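Everything below concerns the one structure shown next.
Protein chains: 2
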Amino acid sequence: MGTRQRLIDTASELLAEEGVDAVTLRGIAKAAGVSHGAPLRHFSGRAELLSAVATRGYAALLARRETLPETSPRERLTAACHSYLDFALANPAMFELMFRRDLIDADDPALSAAASAVFDTFAVLVAAVPTPLARSGADLRLVAASLWAALHGLAQLWLWGGLAGASFAPSPEAALAVTLDAYLG
Amino acid sequence: MGTRQRLIDTASELLAEEGVDAVTLRGIAKAAGVSHGAPLRHFSGRAELLSAVATRGYAALLARRETLPETSPRERLTAACHSYLDFALANPAMFELMFRRDLIDADDPALSAAASAVFDTFAVLVAAVPTPLARSGADLRLVAASLWAALHGLAQLWLWGGLAGASFAPSPEAALAVTLDAYLG
DNA sequence: TGACCGAAGTAGACACCGTCTACAGAAGTT
DNA sequence: AACTTCTGTAGACGGTGTCTACTTCGGTCA
């Protein structure tokens with residue numbers, strides 16, 4: 083296996099185990115058993131390596147779409163929403179990296195393609211459900227964007243520390259249920 | 083004026099002008115005209131200084147609640163939502179800092195108090211509006227959390243790069259309108 | 001075959017970062 | 001007047017990303 087691929091693998095493991103702070107170019111190199119300068123032979127810099135890692139994250143998110151139940155469009159959509167939240171909570175470091183534009187290169191073609199694919203497939207799922215919003219004539223892609231943002235905010239806020247410190251501490255699933263209620267009626 | 087306060091001021095300006103990457107302890111010290119070690123006489127470390135800056139951000143967010151129109155609860159809530167999004171888009175670096183738990187100390191008492199106050203006042207606004215969700219018996223604080231998350235996700239996603247790269251690029255206001263439609267019916 | 005040449009890995013240097021420590025002075029207290 | 005505390009400075013240390021030689025190895029071509 084090529085060094086380039088091993089660097090991405092090692093970085094992914096390091097990310098999952100030690101968090102986003104640990105994904106340092108030198109640390110990855112050491113964990114991969116190469117010198118600290120070796121990664122620069124395969125990537126233009128840290129951002130490019132981490133972009134490759136994040137791209138893998140978007141791919142994993144997309145892969146979850148293949149495992150949705152083959153039932154009603156509505157159930158498929160709610161399952162996809164749960165899947166998104168589950169992914170974020172199960173892979174917090176990867177999820178954080180995927181949206182840290184100071185660590186990755188947002189213009190990376192593979193990365194933005196993967197990210198767009200995630201949104202596009204989500205938009206398709208949304209379009210298949212006759213929500214009250216859709217009945218009222220709203221732009222379906224706008225509804226998809228709005229719902230995705232709601233999901234994303236839920237994940238982000240929860241990873242951030244939930245509403246800990248606030249006077250009560252709901253579970254993310256409970257909040258998601260309310261969100262889905264709002265959108266799907 | 084004490085050095086401590088000037089450090090917070092300088093850091094805030096630096097944050098707004100140069101972004102979150104520029105808010106380095108040494109950079110702040112230089113901009114404030116003191117030696118690189120001086121900040122450590124007033125703060126235990128970078129996290130404590132940045133927590134003070136972020137606390138100011140939450141305070142600014144809270145202050146916007148004072149300027150809401152004295153009309154119907156529904157209009158007050160929608161105005162508060164627009165205000166939240168406006169704040170994020172107008173102060174992207176501050177908004178980012180406020181939710182970067184690797185840069186600030188989430189356990190800072192002043193910080194968590196300010197953050198909780200923001201959520202609590204938002205929950206009060208939500209509770210005053212007879213949304214369809216409320217009528218269906220949902221926990222009002224849960225509704226507030228869900229709506230806040232939706233707002234937050236909208237802001238975050240937009241700052242992240244909007245849905246640029248996706249097949250279409252909606253304005254954040256348009257997406258917010260859909261979100262409010264979903265929740266307020 | 002032998003010369004060449006580019007790709008890949010290494011080691012060292014540089015500037016920057018956060019943090020720690022030793023030191024100097026100023027201010028206030030006993 | 002002596003002593004202690006507070007505030008600021010300067011230097012050091014380990015860590016980071018990136019750049020620049022320097023090797024080394026594999027394949028290509030005369």
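As you go down the protein sequences, you meet chains V and X in turn. Note that this note's numbering has the first sequence beginning at 83, numbered continuously upward. Note that this note's numbering has the second sequence beginning at 83, numbered continuously upward. Every residue, glycine too, gets a C-beta built ideally from N, C-alpha and C. Values in this document were obtained by computation on a predicted structure and should not be read as measured data.
- Here the C-alpha atom of A227 of chain V lies approximately 20 angstroms from the C-alpha atom of A142 of chain V.
- With its beta carbon at least 8 angstroms from every one in chain X, A210 of chain V lies outside the interface.
- Spatial neighbours of A216 of chain V in its own chain (CB-CB distance under 7 angstroms, excluding positions within 5 residues in sequence) are listed in chain order as L222, V225.
- Closer than 8 angstroms to the CB of V260 of chain X there is at least one CB belonging to chain V.
- Taking a cut-off of 8 angstroms on C-beta distances, the region 155-174 of chain X does not touch the region 106-120 of chain X, as fewer than three cross pairs fall below it.
- Judged by pairs of C-beta atoms under 8 angstroms, the region 126-142 of chain X does not touch the region 228-240 of chain X, as fewer than three such pairs exist.
- Neighbourhood of V225 of chain X in chain V, by CB distance below 7 angstroms: V260, in chain order.
- DSSP places T137 of chain X in the helix class (H, G or I) of the three-state scheme.
- Around the beta carbon of G127 of chain V, a 10 Å sphere encloses fewer than 16 other beta carbons of the protein chains shown; the residue is thus reported as exposed.
- Going by beta carbons, V260 of chain V and A256 of chain X fall outside the 8 angstroms limit.
- Under the Cβ criterion (8 angstroms, minimum of three pairs), the region 88-106 of chain X counts as touching the region 176-191 of chain X.
- Take F169 of chain X, set aside five residues on each side of it, and the residues of its chain with a beta-carbon closer than 6 angstroms to its own are L143, in chain order.
- In this structure T149 of chain V is exposed. Its beta-carbon is surrounded by fewer than 16 other beta-carbon atoms within 10 angstroms.
- Remark: C-beta atoms of D190 of chain X and S133 of chain X approach each other more closely than 8 angstroms.
- Excluding five sequence positions before and after A197 of chain X, the CB atoms of its chain that fall closer than 6 angstroms to its own CB belong to Y140, given in chain order.
- Assignment of F181 of chain V by DSSP, reduced to helix, strand and coil, places it in the coil class.
- For G139 of chain V, the closest Cβ of chain X is not nearer than 8 angstroms.
- For chain X, none of the residues of the region 152-174 of chain V brings a beta carbon within less than 9 angstroms of one of its beta carbons.
- The beta carbon of F250 of chain X sits closer than 8 angstroms to some beta carbon of chain V.
- Taking 7 angstroms as the cut-off between beta carbons, the residues of the region 171-198 of chain X near chain V are F181, R183, D184, A188, S194, A197, S198, in sequence order.
- W240 of chain V and P151 of chain X have their C-alpha atoms roughly 31 angstroms apart.
- Taken through DSSP and simplified to helix, strand or coil, L131 of chain V comes out as helix.
- Per DSSP, the unbroken alpha helix (DSSP H) holding A216 of chain X starts and ends at 214-217.
- Sequence-ordered contacts of the region 116-140 of chain V with chain X are nonexistent [C-beta pairs closer than 8 angstroms].
- Assigned with DSSP and collapsed to three states, D190 of chain X falls in coil, not helix or strand.
- DSSP, reduced to helix, strand and coil, places E100 of chain X within a helical segment of the structure shown.
- By the Cβ-count criterion, A195 of chain V is exposed, with fewer than 16 other Cβ atoms from all chains shown falling within 10 Å of its own Cβ.
- A direct Cα-to-Cα measurement between L96 of chain V and L107 of chain V gives close to 11 angstroms.
- Listed along chain X are H234, G235, Q238, each with a C-beta nearer than 7 angstroms to that of Q238 of chain V.
- Ranked by Cα distance from P155 of chain V, the first of V:V135, V:E178, V:P212 is V:P212.
- Interface annotation, D91 of chain V: not in contact with chain X, CB-CB separation never under 8 angstroms.
- Neighbourhood of A220 of chain X in chain V, by CB distance below 8 angstroms: V260, D263, in chain order.
- When the beta-carbon positions are compared, A232 of chain X and A237 of chain V stay at least 8 angstroms from each other.
- Among the residues facing chain X, L245 of chain V is included, as its CB has a counterpart in that chain under 8 angstroms away.
- The Cβ atoms of G235 of chain X and H164 of chain V lie no closer than 8 angstroms to each other.
- With respect to T203 of chain X, R123 of chain X sits apart: the two C-beta atoms are not nearer than 8 angstroms.
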